[in-house]
Amino acid sequence: MRRGGLWVIFGLVLVIPKVIRLRRRRKLWNFVRILMAFAGVIVLAFGAVRPHSSMLLVLGALMLLLAILLTPERPAFSIDARARELGALIAVDGGYYTDGAGSRHRAKLFIGAERLWVIDASLQVLVEIPLQQVRTVSVEPAGMDWSFRVDCEETTAEFIYEGGFAEHLARVADATVRSRLYRELPVMR
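Start counting the sequence shown at 28; every next residue gets the next number (my numbering).
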């Protein structure tokens with residue numbers, strides 16, 4: 028009996044990675060959840076019909092509860108993967124970006140060799156600015172906040188930083204964009 032219990036525990040430990048992989052496949056996992064919910068309801072029904080079968084009731088309730096609570100794993104959005112996808116070299120905090128419609132977006136700045144991307148929280152591109160079109164970049168206080176502004180040939184992108192580290196974050200963004208704008212010529216030795 029004791030040895031059989033150890034084999035069951037060992038088998039469950041081996042199943043865990045397979046369940047985790049299965050949860051990443053959304054449609055298949057939802058199908059498994061539906062099957063487990065039906066099986067849980069059937070086990071609950073058998074437990075309710077038979078007298079003195081509390082284990083069946085507990086097992087059926089547990090199966091039904093797991094089927095309801097274990098949703099498919101959500102795909103993790105990685106800033107690093109998105110930066111690689113766009114070809115960005117550096118990603119820095121962009122504060123809050125206000126678009127042309129006047130709505131504010133929490134933003135990240137992705138700086139590549141030739142482009143600057145403004146990315147929102149869902150990692151979608153809000154604005155793409157070619158670095159050749161950038162005329163000036165500036166950091167200045169804006170009341171209690173700090174403003175980082177990128178002036179281009181056609182538009183101006185302004186980023187507002189709030190909080191205790193607002194000045195620091197704005198200056199980091201400024202220095203990072205400037206480092207890509209005004210690159211030194213290579214020195215021949």
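Backbone N, C-alpha and C fix where the C-beta goes; we use that ideal spot for every residue, glycine too.
Self-check item: N-terminal and C-terminal residue of the alpha helix (DSSP H) that GLY122 is part of
Solution: GLY122 -> not in any alpha helix (DSSP H); beta strand (DSSP E) instead, spanning 115 to 125.
Self-check item: CB of ALA134 within 7 Å of CB of VAL145, strictly
Solution: yes
Quiz item: Looking at C-alpha atoms only, which residue of ARG60, THR163, VAL68 is the closest neighbour of GLY87?
Solution: VAL68
Self-check item: 8 Å contact criterion, which ARG162 and GLU180 should meet: CB distance rounded
Solution: 7 Å
Quiz item: Can the beta-carbon of ARG51 be found closer than 7 Å to that of GLU100?
Solution: yes
Exercise. Please determine if the stretch 159 to 177 and the stretch 192 to 201 are in contact, where contact requires at least 3 C-beta pairs separated by less than 8 Å.
Key: yes
Quiz item: How many angstroms separate the CA atom of MET82 from the CA atom of ARG48?
Solution: 30 Å
Self-check item: LEU153 and GLY139 closer than 7 Å at C-beta
Solution: no
Self-check item: Enclosing beta strand (DSSP E) for LEU143 [first to last residue]
Solution: 142 to 146
Quiz item: Where HIS132 and THR182 are concerned, what is the direct C-alpha to C-alpha distance, given to the nearest angstrom?
Solution: 17 Å
Quiz item: Less than 7 Å separating the beta-carbons of ILE187 and GLY114?
Solution: no
Quiz item: By DSSP, does SER206 sit in helix, in strand, or in coil?
Solution: helix
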